[in-house]
Structure formats: structure tokens, C-alpha cells
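Numbering (numbering that gives the first Met the number 0) for the sequence shown: 0 to 102.
Note that CB positions come from ideal geometry on N, CA and C, so glycine has one too.
All figures in this text were calculated on a predicted structure; none of them were measured in a lab.
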Amino acid sequence: MTTVPSVDEGIALAHSITSERLAAGVQIIGPIRSLYWWQGSLRDEQEWQLVIKTRRPLLSALESHIKANHSYETPEIVATEIAAGSAEYLVWISEETRKIDAL
0 MTTVPSVDEG IALAHSITSE RLAAGVQIIG PIRSLYWWQG SLRDEQEWQL VIKTRRPLLS
60 ALESHIKANH SYETPEIVAT EIAAGSAEYL VWISEETRKI DAL
């Protein structure tokens, strides 16, 4: 997952991630309110959260893509493993992201 400062940046980033098959899908959630420390100051900002569905082998390429296409100096890039999920949903993620392997 990552966060962005605007819905437009979220749409652009989600589109580029899915177009390059780095993820099977991306959800854009927001606006959300984020309070965080940055460069010695407490910030209170509106952001949008991107929940990105992908496979572990694509994480490095996805991280590089986010860093290259994100407006933040240090974008949030957090990965969590799926402990369980419906078999059909997990197959969908796997099939859609494996299509990049064929390109």
C-alpha cells in the first residue's frame, strides 16, 4: 500500500501500476486524514490510500515504479502478506500479474 496527496495522483499511479501489470488491481480509498511526523514537524494532511494487489516476485519492480512515479520524497511503501483468502480471489491476483511474465 501507499498514500498520495491527491485523488488525481492516485488515479495516475494506480493506472500506471495496473497498465504495467505490476498488480492485478488497485483500490483508491479516501480522502483519509493522516497525522505524521516529517522533518521535525507534525503534519496533518489529507491523503488517498492505494491498496495494491500483487505477488511477492513483483514487489521490487513495484517499489521502483512507485518511487519513480510518486511526488513524495519518501513515499509510504508497505507490503503485507495475505494470511488467507478465497481461492478464486487469490487465483485472480496470481493469473493477472503473471501476464507480465508472458510479455
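Distance between residue j and residue i (C-alpha atoms, nearest Å)
| i | j | result |
| --- | --- | --- |
| residue 25 | residue 37 | 26 angstroms |
| residue 2 | residue 89 | 24 angstroms |
| residue 81 | residue 94 | 16 angstroms |
| residue 71 | residue 92 | 27 angstroms |
| residue 55 | residue 44 | 30 angstroms |
| residue 39 | residue 32 | 19 angstroms |
| residue 4 | residue 53 | 22 angstroms |
| residue 34 | residue 41 | 7 angstroms |
Residue from the options with nearest C-alpha to residue i
| i | options | result |
| --- | --- | --- |
| residue 12 | 61, 35, 34 and 32 | 61 |
| residue 76 | 66, 42 and 85 | 66 |
Residues of its chain near residue i, where Cβ-Cβ distance is below 7 angstroms and the 5 sequence neighbours each way are ignored
| i | result |
| --- | --- |
| residue 28 | 47, 48 and 50 |
| residue 68 | 12 and 15 |
| residue 78 | 58 |
Which ranges would you report for the alpha helix (DSSP H) in the region 40-97 if only whole runs of at least 4 residues count?
58-68
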